[in-house]
Every structure is written in structure tokens, then in C-alpha cells.
Amino acid sequence: MSGLLGERDEHLRYIEDEFPSCAIHVRGNEITISGADATLVSKLFEELTELLQRGENLDRSVVIRSIVMVRANQSPSRILTEEILRTSGGRVIRAKTAGQRRYVEAIRDNVVTFG
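Read left to right, the sequence shown gives residues 557 to 671 (this note's numbering).
In C-alpha cells form, the structure reads like this:
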């Protein structure tokens, strides 16, 4: 749960600031969400949980990108974990935004000719 909420609940506080119309209560391993954006915040926590289960390290930038993606009805757990390529040193390259992901898909799906 600490990975999801951040060190000293910093992710939780940031999410609360981004969704002021929601009340988020954490007790043990249970998160209760109420308010106008409750469905959106619930989806955000589901996506962040999925990212953690896939081995991603949640830092503030990942939480920020995830909020933007969830608001745009996109899936951060799918976009941020898809491996584009692996360097010779073994480092994994991934798209960080939906726009980068669309760009990579366009390159994969279309022939690029230089002349």
C-alpha cells in the first residue's frame, strides 16, 4: 500500500489536490472514495495498482502522467508498460505518453521511405 500511496502519502495528497471534489479515505488496505469524480479516481487507483503489479516504480511523474491519461480515458498500465525496445545494455525503452505510443505504432504500421 505504501508503494501506491507514496512515501509519507505524497501520491495520495497529490491525487487529493487534483480531485478536490472527492474525499479519499484509507484504512489498512482499503481505499474509500466518494464525490463527483469518484469513478475517475477509482480508475486511477486501479491503473496505479496495475502498474505496481507489473513492476513499475511509482514516482510523482508517473502519477502525474497517469492522472492525465485517466482523464483522457486512456490506460496508463497499458501505455507505460509496453516495451518498445531494449538497448544493447539491457535497458528497456518505453513510451511515456499516449502521443509517443501513437507515434511508435505509426512507425510500426507504416513504411517509412527516405530518398
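Ideal placement from N, C-alpha and C gives every residue a C-beta, glycine not left out.
Quiz prompt | Residue(s) in a DSSP beta bridge with residue 566 | solution = Under DSSP, no beta-bridge partner is assigned to residue 566.
Self-check item: Ordered list of alpha helix (DSSP H) runs contained in the segment 603-634, each at least 4 residues
Solution: 616-627
Quiz item: According to DSSP, which residues form a beta bridge with residue 582?
Solution: 587
Self-check item: Check whether residue 579 and residue 591 have beta carbons under 8 Å apart
Solution: yes
Quiz item: Who are the near neighbours of residue 641 in its chain, counting only those whose CB is closer than 7 Å to its CB and skipping five residues on each side?
Solution: 649
Quiz item: Hey, residue 622 and residue 604 are a contact pair by Cβ (cut 8 Å); roughly how many whole angstroms apart?
Solution: With 8 Å as the limit, residue 622 and residue 604 qualify as a contact, their Cβ atoms being about 6 Å apart.
Quiz prompt | Close-in-space but distant-in-sequence residues of the same chain around residue 588 (CB under 7 Å, 5 per side omitted) | solution = 581
Practice problem: Would you mind sorting residue 667 into buried or exposed? The rule is 16 or more other CB atoms within 10 Å of its CB. | Solution: exposed
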